[in-house]
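One structure is given below, encoded as structure tokens.
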Amino acid sequence: MRPLTRRLFIGRVPIGGGAPVSIQSMTKTDTRDVEATLSQIRGLATAGCEIIRAAVPDAAAADALKAIVAQSPLPVVADIHFDHRLALEALKAGVHALRINPGNIGARWKVEEVVRSARDRGVPIRIGVNAGSLEKDLLERHGRPAPGALVESALRHAEILESLDFRDIKISLKSSDVSTTVEANRLMAGRCDYPLHLGVTEAGTVFAGSIRSALGIGILLYEGIGDTIRVSLTGPPEEEVRAGLEILRSLGLRSGGPMVVSCPTCGRCRTDIIPVVQAVEAEILKRGWDVHAAVMGCEVNGPGEARLAEIGIAFGEGQALIFIGGKPHRKIGLEDPVGEFLKDVEAYAMERQRIHPVPGDPK
Ligand code: SF4
Numbered sequence: 402m403r404p405l406t407r408r409l410f411i412g413r414v415p416i417g418g419g420a421p422v423s424i425q426s427m428t429k430t431d432t433r434d435v436e437a438t439l440s441q442i443r444g445l446a447t448a449g450c451e452i453i454r455a456a457v458p459d460a461a462a463a464d465a466l467k468a469i470v471a472q473s474p475l476p477v478v479a480d481i482h483f484d485h486r487l488a489l490e491a492l493k494a495g496v497h498a499l500r501i502n503p504g505n506i507g508a509r510w511k512v513e514e515v516v517r518s519a520r521d522r523g524v525p526i527r528i529g530v531n532a533g534s535l536e537k538d539l540l541e542r543h544g545r546p547a548p549g550a551l552v553e554s555a556l557r558h559a560e561i562l563e564s565l566d567f568r569d570i571k572i573s574l575k576s577s578d579v580s581t582t583v584e585a586n587r588l589m590a591g592r593c594d595y596p597l598h599l600g601v602t603e604a605g606t607v608f609a610g611s612i613r614s615a616l617g618i619g620i621l622l623y624e625g626i627g628d629t630i631r632v633s634l635t636g637p638p639e640e641e642v643r644a645g646l647e648i649l650r651s652l653g654l655r656s657g658g659p660m661v662v663s664c665p666t667c668g669r670c671r672t673d674i675i676p677v678v679q680a681v682e683a684e685i686l687k688r689g690w691d692v693h694a695a696v697m698g699c700e701v702n703g704p705g706e707a708r709l710a711e712i713g714i715a716f717g718e719g720q721a722l723i724f725i726g727g728k729p730h731r732k733i734g735l736e737d738p739v740g741e742f743l744k745d746v747e748a749y750a751m752e753r754q755r756i757h758p759v760p761g762d763p764k
């Protein structure tokens with residue numbers, strides 16, 4: 402278990418120092434398109450995202466940040482490469498954190514300007530080292546993007562900030578290779594007390610990327626390393642948040658929030674539950690209902706699992722039985738099991754008043 406890391410805040414979200422591991426994602430819209438970006442952020446907030454990062458490739462994107470930050474329900478991190486003027490504009494726009502590598506900014510005075518502005522505003526800086534963009538000399542010396550090279554690169558960037566007495570730092574070391582990511586973060590955890598942002602970069606499609614991320618992030622979190630996570634997927638960003646939540650839940654680091662479990666089905670299955678699960682899960686996630694629901698295929702093992710969830714449905718011959726709080730609630734026919742079940746799920750979610758309110762969500 403890693404000793405407690407330094408605590409910093411991204412907006413209202415605490416990172417490190419024993420704070421719950423938070424979930425981040427990145428917008429995939431053109432940042433200059435304020436409405437599309439805000440709409441995606443709202444959807445991500447409903448899905449359970451806690452911090453959002455947006456790419457800032459040019460001055461127009463930096464300018465758009467003003468409106469985005471003002472209306473975003475989540476704290477916003479500006480992702481900037483090289484150009485210190487964009488970092489300064491993003492800070493003026495009120496972003497809650499910067500992702501920029503000080504070693505790539507150039508002249509010392511430029512770094513100083515960014516650090517001064519970040520410090521004045523209480524904005525932390527994430528140093529993000531990726532295996533694909535390591536410094537040439539490190540690649541030559543290590544022969545490949547080895548874990549030690551990633552750590553060395555991050556420490557170099559950190560030293561620049563430390564030399565300016567800036568320690569509101571968060572570090573990420575990412576590779577598309579799971580073992581390299583794990584080893585690099587283990588090494589880093591022993592070399593500093595800065596909070597670590599975990600992720601496997603360029604992890605791939607939703608299926609393959611979720612598995613790689615679950616392994617890389619999961620191994621580290623299990624060892625007590627890591628303060629905030631981002632699952633990177635080639636797919637809708639909501640999938641990144643769902644995968645992140647599942648990783649945290651699976652490790653017992655998070656409870657609550659929308660969760661749907663279902664049986665794998667087998668020869669005993671009484672109905673085709675795949676479309677039922679898909680429809681139920683889609684609606685629960687869309688509405689952000691804070692419920693643990695189960696959809697089970699038969700009356701043999703189904704009721705047991707359905708009872709363990711807050712609300713569950715087990716299919717039988719010509720009918721299905723809905724359970725609430727572990728007790729049979731009502732029997733329904735098979736004409737519209739999805740609609741009937743969702744009625745009960747909604748009533749349950751409302752009654753307990755556990756729905757996630759999302760500021761600014763028009764829903
Ligand atoms: Fe098979 Fe029933 Fe178990 Fe589903 S709940 S896998 S249908 S035995």
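Okay, so the sequence shown: first residue is 402 according to our numbering, each after it adds one. C-beta: ideal position from N, C-alpha, C; glycine also.
query                                                                                                             : result
Assigned secondary structure, residue 543 (DSSP; H/G/I helix, E/B strand, else coil)                              : helix
Residue 748 versus residue 703 - alpha carbon distance                                                            : 22 Å
Where residue 474 falls: helix, strand or coil (DSSP)                                                             : coil
Contact check, residue 571 vs residue 417, beta carbons under 9 Å                                                 : yes
CA-to-CA distance, residue 647 to residue 728, given in whole angstroms                                           : 26 Å
Distance cut-off 8 Å: residue 435 Cβ against heavy atoms of the ligand SF4                                        : no
Residue 660 burial status per 10 Å Cβ neighbour count (16 or more: buried)                                        : buried
Contact belief for residue 589 with residue 555 at Cβ below 8 Å, rounded distance in angstroms                    : 6 Å
Residue 527 - partner residues in DSSP beta bridges                                                               : 500 and 571
Residue 736, buried or exposed, once every other Cβ within 10 Å from all chains shown has been counted against 16 : exposed
Contact set for residue 623: own chain, Cβ-Cβ below 7 Å, skip 5 residues either direction                         : 652
Inter-residue CB distance, residue 617 and residue 582 (contact presumed, cutoff 8 Å)                             : 5 Å
Runs of beta strand (DSSP E) lying entirely within the segment 566–622, each at least 3 residues, in chain order  : 570–575
Bridge-paired residues (DSSP) for residue 716                                                                     : 721
Residue 482 versus residue 723 - alpha carbon distance                                                            : 53 Å
Cross-strand partners of residue 630 (DSSP beta bridge)                                                           : 424 and 599
Cβ-based burial, residue 763 [other Cβ within 10 Å; buried from 16]                                               : The predicted model places residue 763 with a pLDDT of 34, which falls under 50 and marks its position as unreliable, so this point remains unresolved.
For residue 746 and residue 694, the rounded distance between their alpha carbons                                 : 8 Å
Residue interval of the alpha helix (DSSP H) (run including residue 685)                                          : 674–688
Which residues DSSP lists as bridging residue 409, in chain order                                                 : 416
Beta carbon of residue 700 nearer than 9 Å to that of residue 726                                                 : no
In DSSP terms, what residue 663 is bridged to                                                                     : 696
The segment 524–531 in contact with the segment 493–506 per 3-pair CB rule at 8 Å                                 : yes
Within-9 Å CB hit, residue 611 to chain C                                                                         : Protein chains in the displayed structure number just one, and chain C is not present.
Residue 427, buried or exposed, once every other Cβ within 10 Å from all chains shown has been counted against 16 : buried
Buried or exposed by the 16-neighbour rule on C-beta atoms within 10 Å, applied to residue 665                    : exposed
Where residue 627 falls, given that 16 or more other Cβ within 10 Å makes a residue buried                        : buried
Test item: CB-CB of residue 450 and residue 469 under 9 Å                                                         : no
DSSP bridge partner residues for residue 479 (one or two, in chain order)                                         : 455 and 499
Environment of the ligand SF4 in chain order, Cβ to heavy atom below 6 Å                                          : 664, 665, 666, 667, 669, 670, 697, 698, 699, 701, 702 and 703
DSSP beta-bridge partners of residue 732                                                                          : 722
Proximity below 9 Å, CB of residue 543 to CB of residue 502                                                       : no
Unbroken alpha helix (DSSP H) run spanning residue 641, endpoints                                                 : 638–651
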